[in-house]
Amino acid sequence: MNNIKVDIAIIGAGPGGYVAAIVAAKEGKTVAIIEKDKLGGTCTNYGCIPTKAMLASVSVMEEIENAKRIGLNVEKVDLNFSDVIKHRNRAVTASRKGIELLLQKAGVNILFGNGIISEGKNIIVKDDKNDEIANITYDKLIIATGSTPVKFPPFNMDEVWTSDDIWNIENLPSNIGIIGGGVIGCEFATFFAKSGVNVTILELMPQLIPTEDEDIAKELLDNLKKNKNLNIYCNVKVTECNKNENSNEKRFLVKAQMSDGNFKEFSFDNILLSVGRKPVLPEGIDKLGVKISERGFIEINEYMQTSNPNVYAIGDVTGRLMLAHTASKQGEIAIENILGGKNSIRYSDIPSVIFTLPEIASVGLREKDCKKNGINYKIGICPFISNGKARAMGLTKGFAKVITEVETDKILGVSIIGPHATDMIMEGVTAVSKEMKVEELFQFVHPHPTLTETIIEAALASIDKAIHL
């Protein structure tokens with residue numbers, strides 16, 4: 389067994405862990421990172437990268453189907469699922485190898501195995517045969533062990549898919565019931581429905597994507613409903629899910645109470661459960677004396693530090709805005725603070741991105757946040773159909789929305805649903821994080837014709853000074 393002494397040990401090599409490791413190594417610290425599955429964590433292997441690789445296929449398919457409006461006649465578009473899977477696997481493998489090369493280049497010691505927290509400042513690393521392969525002694529520890537999909541009755545059956553294990557499928561299902569109309573559910577529904585699969589979404593809340601404002605959710609719903617393969621039910625409570633014993637019929641029988649109070653039965657060959665994630669805690673964490681919340685997440689302060697001053701935690705395991713880029717920024721901040729800084733994150737400055745068709749991106753406050761906190765606000769909206777570039781591209785679905793404070797004209801939040809929303813949101817991130825006023829944003833010259841002109845028009849609309857609306 390190898391005995392390794394380092395300045396910083398990191399358990400978990402997802403987007404938080406590996407970024408923290410590289411930053412620390414570049415600052416001259418000795419670093420060991422322990423990963424029991426695959427480098428890149430959920431994002432690279434089961435989340436961000438594989439879903440976007442697959443959604444890229446149906447996004448291009450939609451563009452081709454709509455190409456007639458811009459002068460291109462394409463008779464038929466076929467999706468070859470096995471080739472889509474090959475593309476997805478190439479993207480995942482390339483990303484994972486890229487992370488490994490970056491860690492190696494930075495001089496990070498990579499260990500594959502289960503990192504078990506031991507007495508003192510030690511971590512025992514065991515391989516998949518449960519043999520001890522290393523003992524790591526550290527000065528500071530960062531826990532970045534991530535999360536796993538939630539599974540609960542009546543869906544706690546092996547045959548029910550989650551976003552982690554759905555990647556094992558080799559063929560497109562004939563139909564699928566998706567329990568949960570949040571980000572994960574809507575992205576998978578977008579892919580499967582566009583691929584010709586009959587999809588039904590059952591969502592507990594009154595709207596899809598409950599984290600977003602009602603007008604954004606409605607615009608998404610209106611666009612998704614245009615796909616004849618997709619059925620969406622909101623304000624629905626699933627009460628039963630049973631295996632169908634009749635082999636000639638669909639595998640699952642689901643009973644749900646609908647929005648009108650009546651019960652309805654659904655039958656599906658496949659079910660995807662996408663109702664959230666829960667933290668994965670490292671083995672032996674009780675030896676550290678860190679505080680764990682009632683929901684099972686590691687509690688941290690604004691500096692990513694736990695109740696144990698030598699232990700930091702980042703990413704999904706903390707329960708703070710469970711996004712890959714949140715974890716990466718937390719990793720950077722944790723290292724800065726280990727090195728003596730006192731840096732923190734304002735989580736409202738972190739954008740969220742959703743790769744449905746059309747895309748959605750938001751940053752800062754939503755209207756619901758303003759109402760909850762008693763903030764006097766105004767909104768400005770610029771539909772993409774008012775934008776020259778969008779009209780030229782034939783992509784006019786959706787709108788940009790800016791929320792401003794009544795008293796100051798300060799930009800509080802930006803939401804976009806429409807073409808390339810996930811790439812456009814950075815202007816909103818800058819405006820919100822720098823607490824810019826509309827007039828300050830207006831001082832920047834926006835190139836024409838570009839889609840980002842919708843953001844400044846929406847901002848100007850919020851103070852009744854829009855030019856092209």
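Residue 389 is where the sequence shown starts when you use our numbering, and the numbers rise one by one after that. Glycine included, each C-beta is placed from N, C-alpha and C at the ideal position. If you're wondering where the values come from, they're calculated on a predicted model, not measured in any experiment.
{"query": "Bounding residues of the beta strand (DSSP E) (the contiguous stretch that carries Ile498)", "result": "497 to 500"}
{"query": "Option nearest Glu724 by Cα separation, candidates Val411, Glu823, Asp395, Lys393", "result": "Val411"}
{"query": "Residue range of the beta strand (DSSP E) that includes Asp610", "result": "Careful: Asp610 lies outside any beta strand (DSSP E), inside the alpha helix (DSSP H) at 602 to 612."}
{"query": "Buried versus exposed call for Lys822 [16 or more other C-beta atoms within 10 Å across all chains shown]", "result": "exposed"}
{"query": "For Asn731, three-class secondary structure by DSSP", "result": "coil"}
{"query": "Every unbroken alpha helix (DSSP H) inside the stretch 460 to 539 [4 residues or more]", "result": "469 to 494"}
{"query": "Ala644 vs Val663 beta-carbon contact at 8 Å", "result": "no"}
{"query": "For Phe579, the first and last residue of its enclosing beta strand (DSSP E)", "result": "Run containing Phe579: none in the beta strand (DSSP E); it sits in the alpha helix (DSSP H), 571 to 582."}
{"query": "Distance between Asn775 and Gly345 (C-alpha atoms, nearest Å)", "result": "The structure shown does not extend to residue 345, since the chain is modelled only from 389 to 857, so the question has no answer here."}
{"query": "Asn636 versus Tyr765 - alpha carbon distance", "result": "57 Å"}
{"query": "Chain-order list of residues whose beta-carbon lies under 6 Å from that of Ser506 (same chain, five-residue window excluded)", "result": "Ile512"}
{"query": "Boundaries (first-last residue) of the alpha helix (DSSP H) holding Phe830", "result": "826 to 830"}
{"query": "Where Ser681 sits in the DSSP three-state scheme", "result": "coil"}
{"query": "DSSP bridge partner residues for Arg665 (one or two, in chain order)", "result": "Pro537"}
{"query": "Coil, strand or helix - Leu676 by DSSP", "result": "helix"}
{"query": "C-beta atoms of Ile805 and Pro746 nearer than 8 Å", "result": "yes"}
{"query": "Exposure of Asp704, with buried meaning 16 or more beta-carbon neighbours within 10 Å", "result": "buried"}
{"query": "Span of the alpha helix (DSSP H) around Val705", "result": "Premise fails: Val705 is in no alpha helix (DSSP H) and is neither H nor E."}
{"query": "Proximity winner among Asp603, Ala701, Ile680, relative to Glu690 (alpha-carbon distances)", "result": "Ala701"}
{"query": "Segment contact, 8 Å Cβ cut-off, at least three pairs: the stretch 519 to 533 with the stretch 651 to 661", "result": "no"}
{"query": "Sequence-distant residues of the same chain with beta carbon closer than 7 Å to Glu453, five excluded per side", "result": "Val465"}
{"query": "Endpoints, the beta strand (DSSP E) within which Ala397 is located", "result": "390 to 399"}
{"query": "Span separating the alpha-carbon of Ala478 from that of Cys431", "result": "Here residue 478 turns out to be Arg, not Ala, going by the sequence shown. Distance between the alpha carbons of Arg478 and Cys431 is about 15 Å."}
{"query": "8 Å Cβ shell around Lys717 - same chain, five flanking residues per side excluded", "result": "Ile733, Ile738"}
{"query": "Test: Val624 CB closer than 8 Å to a CB of chain B", "result": "Reference to chain B is not applicable here, since this structure consists of a single protein chain."}
{"query": "Glu845 - partner residues in DSSP beta bridges", "result": "None; Glu845 has no bridge partner."}
{"query": "Where the beta strand (DSSP E) containing Asn563 begins and where it ends", "result": "563 to 567"}
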